[in-house]
Amino acid sequence: MGGERQIYVAIDLGTTNTVLTLGKRNIDNTFGTEVIEIPQFDATKNLIQSKLLPSVLYIDNDERKYVGKIGKWMRENSSNRVVYNSKRFIGTDSRWKIGETVIGPVDVATEILKVCSNTIKRYTMGREIKGVTITVPASFNTDQINDTVEAAIRAGFKRKSITTISEPTAALIDYINIQSKRIQEDRDVDFSELKRILVFDIGGGTCDIAIIDVVQDENNLSFKEIAVGRYDDLGGVDFDTWAANYLLNKFAQERKLNINEISEVQKNHMINQLIIFAEQAKERISSEVENMEFMGIEKNNDEISFTKSIPDFYNDEICEFSLTKREFDLSTKPLYYKPTKVIKDQRELPKYKNIEEPILNTLTNYNIPIASIDYVFLTGGMSKYIGVKERVKEILRKDIILSPHPMEAVSRGAAIYNYYSIEETKNDSDVNPKEILKDGGDSAVLDITKVLAEAIMIDVDEGLPEVILKANQRIPYTGQLKGKLKTSSPSGLKINLYAGKDKYDSAMRIQRSYTGSYTFPVKTGTPITIEYSIDENKHLSMEVVVEDSLNERIKIGVESDVNVYEGR
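End of the sequence shown sits at 716 in the working numbering; the numbers just go up one at a time, nothing left out.
Listed below in structure tokens is the structure:
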């Protein structure tokens, strides 16, 4: 197979939609990306193809699994047999029961990635794929990334062939790739001098913030992650939910109903229907605003509206709903502004999610002045909504640059990265792996520096957890923790991990424990040393050295299933 036939695969495994992009080097040595249409069933079980694969799993009454548009449609008609927004739960042990099937977030991701894998095989006529790059939020922790990789393995991809890249960085790579094809005078941004870009990536279910220093000269394109915001499950679905609650209250007032007297089953059905309606209204309103701006038509955007009848909404009635842009904006206003009161109870934080705090907290936590930001790059499906653009502009008072195709940018940029990561490791290649970002022009070295969004800490025998990897730590990285832990069982050990800003973080989260067993019984109280490493895919590996006469070294991992009996 000639070099020009090699296929480079990237998957944007999104909360709302999944996008598959293939990249290939053409016969003239240029490199191009193509977003592939993915086969899937529609509402009537006809096989269709679309560039967007809704990240929705539907399980029918015969326990058959379907991914895609049919699942999205079934949310309106049989929501109790549908799982959506499951990416928000990856890295946790959440479970859903549908009929006789019990599934978790990894299972859902596996089914989505199987569809992508089958599409790749069909497109390439079964040719072997060297590797796949899967995008993840920059703020994903090791548990979330490990589960994403595990889903890819279950879907048929080989572990060693899987790489990951943060979604903000991938989207920015695609943007610069597009810019590099223009003559210098037509480029929106001149990257020949270092530019600091705040990437605000808000999709259907997550909000990702990364601050990246970018500079491009004739022979080098450098991306350096300066800061990454903490994981925030704020996205388009939250806007839809707030609008849906507004509509439900409005409906109850018009019908003179007491919401508290409506059964939970009925209320959940009504809210689910209104969330779907609000999503459709938001997309229609956003599209109309965009079209009017493009056509130069002046109109009061606040009066743009969307109307639709919802069958079997309440007491078997068909009810008509209408939502204007003004109503949508007013009902979702809390999501644009940080709360005025101090939230002391961590359990209340989800009620006060907003787009302002993640931005300001990222800047504050890493001591980055707003004045040092040159541009704000908006990407992700929710970034298309004019209210988001205007509020981000208001917060930062910086020029906004936009992806020309925010739904596809992440996967397209990841395909370029996949090309780089594969060709870089080929010793016998006659291809310059750096010839990525210009079609037939000068070559460019793609140099990416990655950092961690949160510190990783180990629970120790005394005192606060010990930080082994600090927030904003450049990766890959290796280190050891010595003199802080002792054995508590003769048979094995369990290392408890935490993630957070630092060891004083009141909002730190428990991560999955690492476990292992000894070859020979070990005396309780024996000192142990933890040696650890984290690779560029944020995969954390740990080994334990028992500090006794045998100096046994054992690998520990989250996959181990070891019963550890604590000594007394």
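Ideal Cβ positions, reconstructed from N, Cα and C, are used throughout, including at glycine.
Rounded to the nearest angstrom, what separates residue 641 and residue 665 at their Cα positions?
Within the sequence shown, residue 641 is the residue found at index 493, counting from 1. Within the sequence shown, residue 665 is the residue found at index 517, counting from 1. C-alpha separation (whole angstroms): 6 Å.
Just the Cα atoms here: how many angstroms apart are residue 312 and residue 281?
For this step, residue 312 is matched to residue 164 along the sequence shown. For this step, residue 281 is matched to residue 133 along the sequence shown. Spanning the two alpha carbons is a distance of roughly 5 Å.
As a quick exercise: from 672, 479 and 526, pick the residue whose alpha carbon is nearest that of residue 609.
Numbered from 1 along the sequence shown, position 461 holds the residue referred to as residue 609. Per the Cα distances, 672.
Taking only heavy atoms of the ligand GDP into account, decide whether any of them is closer than 7 Å to the Cβ of residue 437.
Inclusion of the ligand GDP in the displayed structure is not the case, the ligand content being empty and no account of it being possible.
Mind checking residue 590: buried by the 16 CB within 10 Å criterion, or exposed?
Position 442 of the sequence shown, counted from the start, is the residue given in the question as residue 590. Unreliable positioning characterises residue 590 in this predicted model, as indicated by a pLDDT of 43, which lies under 50. The coordinate reading is nonetheless provided below. Flag for residue 590 reads exposed.
What is the residue span of the alpha helix (DSSP H) that residue 348 lies within?
On the sequence shown, residue 348 is found 200 positions in, with the first residue counted as 1. Careful: residue 348 lies outside any alpha helix (DSSP H), inside the beta strand (DSSP E) at 343-350.
For the putative contact between residue 595 and residue 369, defined by C-beta atoms under 8 Å, what is the C-beta separation to the nearest angstrom?
Residue numbering aside, residue 595 sits at position 447 when the sequence shown is read from its first letter. Residue numbering aside, residue 369 sits at position 221 when the sequence shown is read from its first letter. 7 Å between Cβ atoms; contact.
Assigned secondary structure, residue 647 (DSSP; H/G/I helix, E/B strand, else coil):
For the purposes of this step, residue 647 is taken as the residue at position 499 of the sequence shown. Reduced to three states, the DSSP call for residue 647 is strand.
Taking C-alpha atoms, which residue in 476, 406 and 688 lies nearest to residue 391?
Here residue 391 is taken as the residue at index 243 of the sequence shown, counted from 1. The candidate whose alpha carbon is nearest that of residue 391 is 476.
Note down, in chain order, each residue of its chain lying with its Cβ closer than 7 Å to the Cβ of residue 633, except the 5 sequence neighbours on either side.
The sequence position of residue 633 within the sequence shown is 485, counting from 1. Closer than 7 Å at Cβ, skipping near neighbours: 608, 609, 676 and 678.
Among 342, 306 and 661, nearest to residue 276 - alpha-carbon criterion
One-based indexing of the sequence shown puts residue 276 at position 128. The shortest C-alpha separation from residue 276 is found at 306.
What residue does the alpha helix (DSSP H) around residue 263 start on, and which one ends it?
Counting from one through the sequence shown, the residue named residue 263 turns up at place 115. 253-272 is the extent of the alpha helix (DSSP H) around residue 263.
Buried or exposed for residue 207, please, with buried defined as at least 16 other CB atoms from any protein chain shown within 10 angstroms of its CB.
Numbered from 1 along the sequence shown, position 59 holds the residue referred to as residue 207. Answer is buried; the Cβ neighbour count reaches 16.
So the alpha helix (DSSP H) residue 297 belongs to, where does it begin and stop?
To locate residue 297, count along the sequence shown from 1; it is residue 149. Where residue 297 is concerned, the enclosing alpha helix (DSSP H) stretches over 290-302.
Starting from the N-terminal side, write out each stretch of the beta strand (DSSP E) that is 3 residues or longer and does not extend beyond the region 655-685.
662-665 and 675-682
Nearest-angstrom Cα separation, counted from residue 454 out to residue 199:
If you number the sequence shown from 1, residue 199 lands on position 51. If you number the sequence shown from 1, residue 454 lands on position 306. Taking the straight line joining both Cα atoms gives about 25 Å.
Could you give the distance in angstroms between the alpha-carbon of residue 597 and the alpha-carbon of residue 469?
As a position in the sequence shown, residue 597 is number 449, starting the count at 1. As a position in the sequence shown, residue 469 is number 321, starting the count at 1. Those two C-alpha atoms are separated by around 49 Å.
Starting from residue 375, trace the beta strand (DSSP E) in both directions and tell me its first and last residue.
Taking the sequence shown and counting its residues from 1, the one referred to as residue 375 is at position 227. Where residue 375 is concerned, the enclosing beta strand (DSSP E) stretches over 368-376.
Rounding to the nearest angstrom, what Cα-Cα distance links residue 215 and residue 263 in this structure?
Sequence index remark: in the sequence shown, residue 215 carries index 67 (1-based). Sequence index remark: in the sequence shown, residue 263 carries index 115 (1-based). Rounded to the nearest angstrom, the two C-alpha atoms are 8 Å apart.
Can you tell me where the beta strand (DSSP E) with residue 533 in it begins and where it stops?
Position 385 of the sequence shown holds residue 533. No beta strand (DSSP E) contains residue 533, which DSSP labels as neither H nor E.
Tell me the DSSP secondary structure of residue 519 in three-state form.
Here residue 519 corresponds to residue number 371 of the sequence shown, with the count starting at 1. Helix.
Reduced DSSP secondary structure (H/G/I, E/B, other) of residue 465
Stepping through the sequence shown from its first residue, residue 465 is reached at position 317. If DSSP states are grouped into helix, strand and coil, residue 465 belongs with the strands.
What are the boundary residues of the alpha helix (DSSP H) that includes residue 169?
Position 21 of the sequence shown, counting from 1, holds the residue named residue 169. It is not in any alpha helix (DSSP H) - residue 169 instead sits in the beta strand (DSSP E) that spans 165-173.
Beta strand (DSSP E) segment containing residue 628, residue limits:
For the purposes of this step, residue 628 is taken as residue 480 along the sequence shown, with counting starting at 1. Note, residue 628: beta strand (DSSP E), 625-634.
Among 428, 205, 570 and 441, which has the Cα closest to the Cα of residue 254?
Counting from one through the sequence shown, the residue named residue 254 turns up at place 106. It is 205.
Rounding to the nearest angstrom, what Cα-Cα distance links residue 184 and residue 314 in this structure?
Along the sequence shown, read from residue 1 onward, the residue named residue 184 stands at position 36. Along the sequence shown, read from residue 1 onward, the residue named residue 314 stands at position 166. Their backbone Cα atoms lie some 21 Å apart in a straight line.
Does DSSP put residue 178 in a helix, a strand or coil?
The residue labelled residue 178 in the question sits at position 30 within the sequence shown. Of the three classes helix, strand and coil, the one that applies to residue 178 here is coil, per DSSP.
Taking a contact to mean a Cβ-Cβ separation below 8 Å, would you say residue 533 touches residue 434 in this structure?
For the purposes of this step, residue 533 is identified with residue 385 of the sequence shown, where counting begins at 1. For the purposes of this step, residue 434 is identified with residue 286 of the sequence shown, where counting begins at 1. Closer than 8 Å, so yes.
Excluding five sequence neighbours on each side, which residues of the same chain lie with their C-beta closer than 7 Å to the C-beta of residue 500?
In the sequence shown, residue 500 corresponds to position 352, counting from 1. The answer, listed in chain order, is 487 and 491.
For the putative contact between residue 350 and residue 531, defined by C-beta atoms under 8 Å, what is the C-beta separation to the nearest angstrom?
The sequence position of residue 350 within the sequence shown is 202, counting from 1. The sequence position of residue 531 within the sequence shown is 383, counting from 1. So it is a contact: roughly 6 Å between Cβ atoms.
Can you list, in chain order, the residues of its chain whose CB lies under 8 Å from that of residue 197, leaving out five sequence neighbours each side?
If you number the sequence shown from 1, residue 197 lands on position 49. Same-chain partners within the cutoff: 185, 186, 187 and 188.
Should the region 331-340 be regarded as contacting the region 295-305, the criterion being three or more beta carbon pairs within less than 8 Å?
no
Do the region 548-568 and the region 152-164 touch if we need at least three Cβ pairs shorter than 8 Å?
yes
Would you say the region 544-551 touches the region 408-415, given that touching needs at least three Cβ pairs under 8 Å?
no
Do you know whose CA, among 279, 357, 555 and 172, lies nearest residue 512's CA?
Stepping through the sequence shown from its first residue, residue 512 is reached at position 364. Of the listed residues, the one whose Cα sits closest to residue 512 is 357.
Would the beta-carbon of residue 502 fall within 8 Å of that of residue 483?
Numbered from its first residue, the sequence shown carries residue 502 at position 354. Numbered from its first residue, the sequence shown carries residue 483 at position 335. Yes. Within cutoff.
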